[in-house]
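Worksheet for the structure shown next.
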Amino acid sequence: MSDPQSSENTVMSHSGPHERALDNRQHRRVLVNQEFECIEDYIAEYVSNISQGGVFIRSKNPLPQGTRVTLQFSVILDDIEEVTGEGEVVRVNESPENSGMGVAFTRLDARSKELIDEICLRAGVAF
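Heads up, the sequence shown is in our numbering, so the first residue is 42 and it goes up one at a time.
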């Protein structure tokens, strides 16, 4: 990631769809990256769950709330696909066991929105 003081940052990660229990947020979350036991040893930031409203990015150095970010990460459906868009950090978790940031989507291209909808649909959490 870029300097935390920058107003715009890029987040890159690799993910695949997995189901997660419903929580109290507006959109249900889908767990991703469960196939790695110690992903933190290899990747500094990664998307750990996704919803139609945003993503949670695991990071040892989460950006401050309100930071605008440029998102670019891969998802695995039938093929490896890339999600691109923009978002804003809306929640920061600094606990050692789940350090990271919730990023709400502010702009997604049409293909990225289709991909996210498909991930959620396959996990049974769409709409």
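Where a beta carbon is used, it is the ideal one built from N, C-alpha and C, also for glycine.
Give me, in chain order, the residues of the same chain whose beta-carbon lies closer than 7 Å to that of Arg152; leave out the 5 immediate sequence neighbours on both sides.
Within the sequence shown, the letter at position 111 stands for residue 152. Hits under 7 Å: none found.
Arg109 versus Val116 - alpha carbon distance
For this step, residue 109 is matched to residue 68 along the sequence shown. For this step, residue 116 is matched to residue 75 along the sequence shown. If I take the Cα positions, the gap works out to 22 Å.
Rounded C-alpha distance that separates Thr125 from Asn102
On the sequence shown, position 84 is the one that residue 125 refers to. On the sequence shown, position 61 is the one that residue 102 refers to. Taking the Cα positions, Thr125 is about 22 Å away from Asn102.
Helix, strand or coil: how does DSSP classify Glu127 here?
Locating residue 127 in the sequence shown gives position 86, where the first residue counts as 1. DSSP places Glu127 in strand when its eight states are reduced to three.
Pull up the DSSP beta-bridge partners for Asn134, would you.
Position 93 of the sequence shown, counted from the start, is the residue given in the question as residue 134. For Asn134, which the question treats as bridged, DSSP gives the partners Gly141.
Going by DSSP in three states, Arg170 sits in which element: helix, strand or coil?
Residue 170 cannot be examined here, being either before or after the span of the chain that is shown, 42 to 168.
Would you list the one or two residues that DSSP bridges to Glu122?
Locating residue 122 in the sequence shown gives position 81, counting from the first residue. The secondary-structure analysis by DSSP pairs Glu122 across a beta bridge with Val116.
Length of the line joining the Cα atoms of Ala164 and Val71
By 1-based counting over the sequence shown, the position of residue 164 is 123. By 1-based counting over the sequence shown, the position of residue 71 is 30. For Ala164 and Val71, the distance between alpha carbons rounds to 7 Å.
For a quick check, are the C-beta atoms of Gly128 and Ser89 less than 8 Å apart?
For the purposes of this step, residue 128 is taken as the residue at position 87 of the sequence shown. For the purposes of this step, residue 89 is taken as the residue at position 48 of the sequence shown. Against a cut-off of 8 Å, the Cβ pair of Ser89 and Gly128 comes out as no contact.
For Asp150, which residues from the same chain have a beta carbon less than 8 Å from its beta carbon, with the 5 sequence-adjacent residues on both sides left out?
Residue numbering aside, residue 150 sits at position 109 when the sequence shown is read from its first letter. Once the five neighbours on either side are set aside, the close Cβ partners of Asp150 are Thr125, Gly126.
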